[in-house]
Structures are given as C-alpha cells and as structure tokens.
Amino acid sequence: MRVANRLVPLLLVVAALMYIRAPFMIQAAPLESVMGVVQKIFYFHVPSAMMTFLAAFVCGIASATYLWNRSKFADHVAVSAAELAVVFGLIVLVTGPLWARKAWGVWWQWDVRLTMTLVMWMIFVAYLLLRRFGGAGSEILAAAVGVFGTALVPFVYISVNYWRTIHPNTNVLKSLPAEMADPFRWAIFAFLLFFTALLLVRIRLESSRAVLEEAYAALED
Amino acid sequence: MSTLRSAWLIARKDLLVEARSRELAYTTLFFAVACVLVFSFAFVTEGKAVEGAAAGILWVALAFSGTLALGRAFERERQSETLRALLLAPAERAAVYLGKLAGLLVLMAAVEIVVVPVVGLLFAAPIGRAPWLLAALLGAGTLGFAGVGTLFAAMLVRAHSRDVLLPVLLYPITVPVIIAGVRGTGAIFAAEPNFEAAVAWLSMLIFFDAVFVTLALWTFAPVMEE
Amino acid sequence: MSGRALCDFDEVEVVAVSRHFGRRRALAKTTLTFRAGQVTGLFGPNGAGKTTLLGMLSTLVRPTSGEVRYGGATARALGDPLRGRIGVLGHDLFLYGDLSARENLEFFGRLYGVERLEERVAQALASARLDDRAHDRVASFSRGLRQRLALERALIHDPRLVLLDEPFTGLDDESAGLLGERLRSLREAGAIVLMATHDFESADGLIDRMIALRAGKVREIAPEAGSLRDRYRRAMAEEWA
Chain A
398 MRVANRLVPL
408 LLVVAALMYI
418 RAPFMIQAAP
428 LESVMGVVQK
438 IFYFHVPSAM
448 MTFLAAFVCG
458 IASATYLWNR
468 SKFADHVAVS
478 AAELAVVFGL
488 IVLVTGPLWA
498 RKAWGVWWQW
508 DVRLTMTLVM
518 WMIFVAYLLL
528 RRFGGAGSEI
538 LAAAVGVFGT
548 ALVPFVYISV
558 NYWRTIHPNT
568 NVLKSLPAEM
578 ADPFRWAIFA
588 FLLFFTALLL
598 VRIRLESSRA
608 VLEEAYAALE
618 D
Chain B
81 MSTLRSAWLI
91 ARKDLLVEAR
101 SRELAYTTLF
111 FAVACVLVFS
121 FAFVTEGKAV
131 EGAAAGILWV
141 ALAFSGTLAL
151 GRAFERERQS
161 ETLRALLLAP
171 AERAAVYLGK
181 LAGLLVLMAA
191 VEIVVVPVVG
201 LLFAAPIGRA
211 PWLLAALLGA
221 GTLGFAGVGT
231 LFAAMLVRAH
241 SRDVLLPVLL
251 YPITVPVIIA
261 GVRGTGAIFA
271 AEPNFEAAVA
281 WLSMLIFFDA
291 VFVTLALWTF
301 APVMEE
Chain C
782 MSGRALCDFD
792 EVEVVAVSRH
802 FGRRRALAKT
812 TLTFRAGQVT
822 GLFGPNGAGK
832 TTLLGMLSTL
842 VRPTSGEVRY
852 GGATARALGD
862 PLRGRIGVLG
872 HDLFLYGDLS
882 ARENLEFFGR
892 LYGVERLEER
902 VAQALASARL
912 DDRAHDRVAS
922 FSRGLRQRLA
932 LERALIHDPR
942 LVLLDEPFTG
952 LDDESAGLLG
962 ERLRSLREAG
972 AIVLMATHDF
982 ESADGLIDRM
992 IALRAGKVRE
1002 IAPEAGSLRD
1012 RYRRAMAEEW
1022 A
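Just so you know, the sequences run in chain order A, B and C. Using our numbering, the first residue of the first sequence is number 398, and each one after it goes up by one. Using our numbering, the first residue of the second sequence is number 81, and each one after it goes up by one. Using our numbering, the first residue of the third sequence is number 782, and each one after it goes up by one.
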C-alpha cells in the first residue's frame, strides 16, 4: 500500500494533464451526424459509467473478502469503492439526462443503461446509508449488501433490457470511427487514472481513521 | 441433526406461533388489500383501469406487504432475543435462514391466495387464464423477494433504524424480481396474451432465485456473527 | 449428568481477546482460563463488559483480536457441534412468549437433539416447579417463573460450558436456593460454569473464582477473607493497571 500511496501524486498529475488536453482532443473530434455537438458529452458520460461499474465490482470483491476473513483492509476498500460508485454514478445520472434532453427532448426515457445505473446507484447509496445509520457492527451487514449488489449487475441488465424491448432503443453509437475512438480512449484512460488516485486516497483516509480509533481505544488502557 | 430437519423445526415453530395469534396473517393480508385499493384510486379513471395496471398493482402490493411481514416476523424474534437462541443451536446457521424463509413463504402464499382474486375482481383481470403459469410466477417471485428479504431482515435485527433500512436495502436489490413479475403477469393478463414471454420471465425469476438463495445461504453465517 | 460427548473439553481459554465497537472498547486485551468443575463469578458495574465476555465465549460474538479456545481448538475448527456443548442463559431469557412452557422446552430440546425428550422435559418442568403451568403461555408468567424456565431451557441438553447472565434476577428465596443446588451439581459433574451477577449474597459459597470487570478491564480477585461483597468493594476501590 505504501508504494501505491506514493503513486497517488503521480497519478493525479498525469490525470490532470490528460484532462487538460482532453477538451482539445474532443474539440478536434468530428461532430456526430445526428446529434451534433451535444454528443460530445459522451466522452465524459461513458467513462464515468465504466468507472461506476468498476467501483461496484471492486466493492463486491472487497465485501466478499471481508465476509470471509474480516480483513480490515478489505472493509476499507469496500467502503471507498462504494463511495466512488455513488460519485461516478451521480455524474452518469446527471450527464445522461442532460444529453437526452438536448438530443431527444426528454430528460429521462428509461434508457436501458441509465436505468440500470440508477438501480445500481441506489444500491450503493443504500450501502452507505446502512453504514451511516445502522449503528455499530454495520460493516459486516454492508458487506452482504455489497456482495448482493454486485451479483445483481447481470440480472439488472437482463431485466431492464427485456423490459425495454417495447420502447424504442436509443442506442446510437455502435461503432466508433477512428477520429472519435482516440479521444474516447484518452478520456477512459484519464478517468481510470483519476479513479485509481481517488480510490487510493480514500482507502488511505479510511485506514488513518481506523488507526485513530485504535489509538483512542488504546488511550483508555 | 441435519440442516433440513432443523430448518423444518424452526419453520414449524413459526407456524405454530402464528397459528396461535394469527397477527401476522391478518395484518399482512389487510395491508395488501389496502394497498391494492389505494393504488387503484391512482390508476383507475372513469371506471376503467389503465392498461397493464393490474399486474403492477399486484406485485407492488405484495412487495410492500412482504416487507412489512418480514419486519414483523423478525421483530418477534427480537423480543427475548430468541434469534440469538436459534443461532446458538448446534444446527448449521443456514438452517435458521431456511426455517424462517419457509415460514415466510407460507405466510405470503396465504396472502396471495386472497389478493390475487381481489385484483382479478377489481380490475377484471383474467387470473384463470393460465393459473399454473401465474402461480409459478408468483411462487418464483415471492421466493426471490423473500429469499433476499429474510437475509436482510435477519441481519438488521441488531442494527439501528432497522425499520426504514429494510425497505431501503430490499427494494433496489429486488428490482429485477419486480420487473420480471410484473412483465410476466402482464403478458398473461394482456388483451392478447403472450405466454412465451411469460415463460421467459419465469425462467429469469428461477435463475434469480437459484443465484440469490445460494448467495444468501453462503453469507448468512458470517453476517450473523457479531 | 454431563456425559462426555465427542467434542467435549476440559478447559476454555480466552487468549489475548479484546472487543471494540468502533471507538468504544467493550473488553480490553484479556487472557483467562476456565477449567472443568469450576464455577466462576463475573462481577462488575453495568456496561463493564460481562455480557460481551459471555457473548464471545458463547461463539455469538467474534473477538476483535485474539481467540477463544475450547480444549485447545477454536470455534471455527470445531464447527457447529461445539454449540451443542454450550448452554446460555441470556439476559433476555430466550423464550417464546406465545408458546407454552412445555412447547418451549420441547422445541429447544428437539433443536439440540436431546434424547428421550419426553422424560427430559418432564424432569426440567419438575426442577423449575412448573408442572402445573406447563401448558400456559410463557408471556403470562412472572419474571421469576420465566427465569426458572429459562434456566431449564439453557440446561436441557446437558451442556459442558454453562454461561449465565444474571441468573438470580427475579428469583425468590426458595428458587435462589434451588439454583444454587443446581450449580453445585453442575460443578460436580465437571461442567465449566461462568456466571455474571450482581447478587453477592446468593453467589457467596457457590463460586470458586471471582473475576471483576470495570470499563472493559478484567481483574481476578484472589480468594481472601471476607464476604464476596467486601472483597469486590475492596478491589473496586483500588486503581487498576
């Protein structure tokens, strides 16, 4: 973990540089034929969605580990990942309707992936509510929620997908031309670096909090 | 003492307690019917229900009343801390989960036997069109909902704010169950019924049940240890 | 009547065990050994950690650090059958109010796989002197009656390790005397008995060992002259390391 923590400033600097360059790349990318400039929100929207699901996945694995061996580190990773799932999920849920409104005139039309993100987002908000309001010992309970939430991903996808077959599918970007693919990959990579940096920082914060609590407890000796 | 036998003992005890007071049965049933009524005022205009409302109202009423029943069932175990006593027994901890789940399924089945005809009556819904398919959908859906709900309700017994946290946790996780249940039932009730679709939704429910009941069995023991 | 079962043990060790609830320390690092044929009394103010210690010995509560060993093996190693050798009388009694006394005993007896259940239940009802109220709902019992029944429920499977949380609460003189006799016979049979209590008078003469707890810290009180209450007060008046 020490090594990883040393990397954080480097990750942040590189991510920042990438974010600074990104607008230029996005500007240079061609306009999408149907939606025009509005489509460019996709360079932020999609990587955020990827990060949301990555965070959910990390939380699930960490929660399962915590259930198995009560490793404090696993617990720290789980709660950090859950918070990031909520944060990035929020970005998706805000940029999605913004895009939809401009492109299709409606804020929300039950698009498969947005709905799925909403459900997953709510599960991780519930995870955080449980940790906040469940009282002492709620870490282990939250771990069960984390595992269930992650296991749910395929089911949410299947059910929401089939649920939507009656309504028109608004999936537009099946294949990307090269001029769009480059800034897209750039954006994904930038988000990934940023995500990793945030995760490491949050884990460190959580570990420090735990050390502080142990110190408080030891003080009573 | 095998796990199944212990689970059976626990379920039998629950049914015995319930038979004495019938508190859960009456209140859950009444609540479910009240739900149906309240929703119908929202979805019935000019004496006619909105298309597809019946299926939706049925499943939402069952979800709400199911959550209530779960909360009450475990609140009972909280008095005199009898849940602890069950966890202290030499049976595999999963037996406690299975026993409580079985008891709850019987209760929900009793509620459904009444609520489904009520919905059929109020919404002129064709509940007799494919009774076995409908029963299978209800059974699989209830198992999925109660399967996850029993785990959550049990683990929240010792938590603060347990009354509000149970629905907060349960509803997002059972979204696929609700979707599948409503869609499958809707496919049966529709003016032009689509039985293949209903069967497809049923298979998804069965798959959900298999995965999540297994997951619950695995996580029950570690989660119940303080 | 404690026969030796398959995973019976002669001692229970608490090895460097501590328990935290977030910032609150319920039990400081503690090492203790309890032997067969011993009745240990746990004394201390409310919130001192007695219930937490009993909880960890019963396998319901996991220690934050350290481990509990039953005859050298941990609960994880011994698995589910270990719980069949442990009997717990909790603070909240563990009885179903809607069931009768007999039904409660039968249910738990079956769950623990007790042999010759009919006989055993009859014996338990007789010991608790509840024969005439065997078919009444437990919710209609007074605290004292419930306490007597709860003790029988805890002992119906002849456990090796007996954990009692405030067993004298609500008991009248006669019942307290009977409980005392019960504890003596448990000791004779080689059971390991731990009892958390505030009742010094009743416990006097019953316990072999005295352990005091305060704010999560544990201290053994050496056998000396004087009543239990005096010895306890003396220990509490001192500063603890």
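C-beta: ideal position from N, C-alpha, C; glycine also.
- Residues of the stretch 930–944 of chain C with a Cβ closer than 7 angstroms to any Cβ of chain B: none.
- Look at ILE259(B): its C-beta is under 8 angstroms from a C-beta on chain A.
- Taking all protein chains shown into account, ALA114(B) has fewer than 16 neighbouring C-beta atoms within 10 Å of its C-beta and is therefore exposed.
- ALA143(B) places its beta carbon 8 angstroms or farther from that of VAL116(B).
- For ALA475(A), the closest Cβ of chain C is not nearer than 8 angstroms.
- Within the same chain, and ignoring the five residues on either side of THR512(A) in sequence, the residues whose Cβ sits closer than 7 angstroms to its Cβ are VAL557.
- LEU930(C) and ALA882(C) do touch by the CB rule: their CB atoms are close to 5 angstroms apart, below 8 angstroms.
- For THR821(C), no alpha helix (DSSP H) encloses it; the enclosing beta strand (DSSP E) starts and ends at 819–824.
- ARG1010(C) and LEU960(C) have their C-alpha atoms roughly 20 angstroms apart.
- Remark: three or more beta-carbon pairs, one from each stretch, lie closer than 8 angstroms, so the stretch 531–547 of chain A and the stretch 456–471 of chain A are flagged as touching.
- Here ARG242(B) is buried: its Cβ has 16 or more other Cβ atoms, across all protein chains shown, within 10 Å.
- GLY847(C) has a beta carbon lying at 8 angstroms or more from every beta carbon in chain A.
- Judged by DSSP in its simplified three-state form, SER160(B) adopts helix.
- LEU870(C) is bridged by DSSP to LEU945(C).
- Below 8 angstroms, enough C-beta pairs join the stretch 849–857 of chain C and the stretch 792–800 of chain C to call them touching: three or more.
- Taking 8 angstroms as the CB threshold, LEU616(A) stays off the interface with chain B.
- In this structure, ASP289(B) and ALA215(B) do not form a Cβ contact; the two beta carbons are roughly 15 angstroms apart against a cut-off of 8 angstroms.
- Beta bridge pairing from DSSP links LYS998(C) with ARG995(C).
- Residue-level contact check: ILE988(C) does not touch chain B, since none of the beta carbons of chain B fall below 8 angstroms from its beta carbon.
- Within the same chain, Cβ atoms closer than 6 angstroms to the Cβ of VAL195(B) are found at ALA112, the five residues on either side in sequence being excluded.
- Taken in chain order, the members of the stretch 157–190 of chain B whose beta-carbon sits within less than 7 angstroms of a beta-carbon on chain C are GLN159, SER160, GLU161, THR162, ARG164, ALA165, LEU167, LEU168, ALA169, PRO170, ALA171, GLU172.
- Under the Cβ distance rule, GLY534(A) counts among the residues neighbouring chain C, one pair being separated by less than 8 angstroms.
- Boundaries of the alpha helix (DSSP H) around GLU192(B): 173–203.
- Contact note: TYR613(A) reaches chain C through ARG804, using a C-beta cutoff of 8 angstroms and chain order.
- Residue contact check for PRO302(B) against chain A: a CB pair falls below 8 angstroms.
- DSSP places LYS810(C) inside the beta strand (DSSP E), whose first and last residues are 805–816.
- Interface residue (Cβ-Cβ distance to chain A less than 8 angstroms): ARG102(B) is not classified as such.
- For ILE253(B), the nearest CB of chain A lies under 8 angstroms from its own CB, placing it at the interface with that chain.
- Listed along chain B are SER160, GLU161, each with a C-beta nearer than 7 angstroms to that of ASP873(C).
- In the three-state reduction of the DSSP assignment, THR855(C) falls in the strand class, which pools E and B.
- Residue environment analysis places ILE193(B) among the exposed positions, since fewer than 16 neighbouring C-beta atoms fall within 10 angstroms of its C-beta.
- Judged by DSSP in its simplified three-state form, MET517(A) adopts helix.
- Assignment of beta-bridge partners to VAL795(C) by DSSP yields LEU813(C), VAL849(C).
- Using a Cβ-Cβ cut-off of 7 angstroms, HIS801(C) is close to ALA614 of chain A, given in chain order.
- Within chain A, the residues placing a beta-carbon under 8 angstroms from that of SER241(B) are PHE530, GLY531, GLY532, ordered along the chain.
- When DSSP states are grouped into helix, strand and coil, THR147(B) belongs to the helix group.
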